[in-house]
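Chains as they are written, first to last, in the numbering used here: chain C, 355 to 448; chain Z, 2 to 309. Just so it is clear, CB atoms sit at the ideal spot from N, CA and C, and this is done for glycine as well.
Structure below.
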């Protein structure tokens, strides 16, 4: 079973077209295992990406190096999934 | 749950529980609801559609939820909509009037293989589960697989991409089943395909910047629908054509339905705006469904009042 321990979801805000281009290049780096929930399209739209734990350091360094703003929207995806699972099990018991 | 009153609408449920819910609903309201199996998924699961009907030979209104399997609030809302329809028929004059003139078709689990996979293997799975010959990556994005600008920008030719369009239009049985159903029915008047998240109501097109010929009416109806939606919990929504509001996406569902002549073609993106995304807590299911229902009613009423 795949788990998402340590995976974070980042909300990235691109400030210009050059940053959008950089983020598109980032999205093509298959080895990072990124899952774009909202893809880099244009500046006015947020970009949401789930980042596996193993890629967090690289991705956050990339964003910082290129002065691309982001915030951590979900600190640990697995924690949320576990909570969801608990609620479902509770429902089954009821 | 032994009946649909006992069903817990405030929680997410697995595939079999939702299949059972559909059967219970049909058994409890056999005069109003029937179940149609429009096809089979790649892994052989039934593609069930609930038909709400009070008479023969009626035009139809279509709703589908959860073609992207990880968008759980969507399927959960679909369950709530089904119960809402049977509860309100005969009580709510607007819905009663709709159902006295139109059939409503509701496909709650549009991508059952994907949904099962999100329940058991990978919560973040989005696509179908059909293997791709020559690739270790599985599945096709069923919202890029329609014959509407198929293969264009905003879809991927790579089987490993989340937006892989598939080898050909309608290659996915989950998509082909709807295509065949819509064509064989021949009188579907509105078509709403429901996704999450990002709080948007969108109309064609996604594959081209050419405005839909009914854009003015679609835009005004979207405004009205969103006004209704926001009246409940003041949830902020945006609306517009797919390509101008979110991004270019080729091979999408409602571009195909619109090009088939279904004027009132919309796609929803339900809650939230990203704080939880696909992992929206279960306590938001019912509020999401409640507010969305108001918008769906606005679209269905407008469809009824503006025959074409």
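Check                                                                                                                                   : Outcome
Three-state secondary structure (DSSP) of residue 239 of chain Z                                                                        : strand
Test: residue 292 of chain Z CB closer than 8 Å to a CB of chain C                                                                      : no
Cβ shell of residue 202 of chain Z (< 7 Å), same chain only, five flanking positions each side left out                                 : 223, 226, 227, 238, 240, 267, 269, 296
Nearest neighbour of residue 216 of chain Z, chosen from Z:256, Z:36, Z:27, Z:127 [CA to CA]                                            : Z:256
Local conformation of residue 147 of chain Z per DSSP, three classes                                                                    : coil
Complete alpha helix (DSSP H) runs within the segment 222-279 of chain Z (minimum length 4 residues, chain order)                       : 243-246, 254-260
Nearest neighbour of residue 73 of chain Z, chosen from C:389, C:442, C:370, C:395 [CA to CA]                                           : C:442
Closer than 8 Å at the beta carbon, the chain Z residues around residue 362 of chain C                                                  : Those do not exist, as residue 362 of chain C stays about 12 Å from chain Z at its closest Cβ, beyond 8 Å.
Any beta strand (DSSP E) of 3 or more consecutive residues that is wholly inside the segment 98-178 of chain Z                          : 104-108
Residue of Z:299, Z:298, Z:302, Z:290 minimising C-alpha distance to residue 11 of chain Z                                              : Z:290
CB contact check: residue 22 of chain Z to chain C, cutoff 8 Å                                                                          : no
Per-residue DSSP class, three states only, for residue 40 of chain Z                                                                    : strand
Minimum Cβ-Cβ distance from residue 98 of chain Z to chain C less than 8 Å                                                              : no
Beta-carbon gap between residue 253 of chain Z and residue 149 of chain Z smaller than 8 Å                                              : yes
Buried versus exposed, by CB contacts within 10 Å (16 or more), residue 116 of chain Z                                                  : buried
Beta carbon proximity, residue 1 of chain Z to chain C, threshold 8 Å                                                                   : The question about residue 1 of chain Z has no answer, for chain Z in this structure spans 2 to 309.
Proximity test, residue 381 of chain C beta-carbon vs the ligand SAH heavy atom, cut-off 7 Å                                            : Only the bare structure without any ligand can be found here, which leaves the ligand SAH out of the picture.
Integer-rounded CB distance, given that residue 431 of chain C should sit under 8 Å from residue 363 of chain C                         : 7 Å
CB of residue 304 of chain Z within 8 Å of CB of residue 191 of chain Z, strictly                                                       : yes
Which listed residue (Z:210, Z:109, Z:132) has its alpha carbon closest to that of residue 38 of chain Z                                : Z:109
Residues of its chain near residue 260 of chain Z, where Cβ-Cβ distance is below 6 Å and the 5 sequence neighbours each way are ignored : 149
Partners in chain C for residue 150 of chain Z, counting only beta-carbon separations shorter than 9 Å                                  : Residues of chain C passing the Cβ test: none, with the nearest at roughly 17 Å.
Status (buried if at least 16 other CB within 10 Å, exposed otherwise) for residue 418 of chain C                                       : exposed
Uninterrupted beta strand (DSSP E) stretches inside the segment 370-431 of chain C (no shorter than 3 residues)                         : 389-392, 401-405, 423-428
According to DSSP, residues forming a beta bridge with residue 204 of chain Z                                                           : Z:242
Anticipated Cβ contact below 8 Å, residue 387 of chain C with residue 409 of chain C, distance rounded                                  : 6 Å
Given 8 Å, three or more beta-carbon pairs between the segment 117-129 of chain Z and the segment 177-186 of chain Z                    : no
Test item: CB-CB of residue 391 of chain C and residue 53 of chain Z under 8 Å                                                          : no
Local conformation of residue 75 of chain Z per DSSP, three classes                                                                     : helix
Residue 373 of chain C at chain Z interface by Cβ criterion, 8 Å                                                                        : no
Proximity test, Cβ basis, 8 Å: residue 404 of chain C and chain Z                                                                       : yes
Test item: CB-CB of residue 97 of chain Z and residue 112 of chain Z under 8 Å                                                          : no
DSSP state of residue 49 of chain Z mapped onto helix, strand, coil                                                                     : strand
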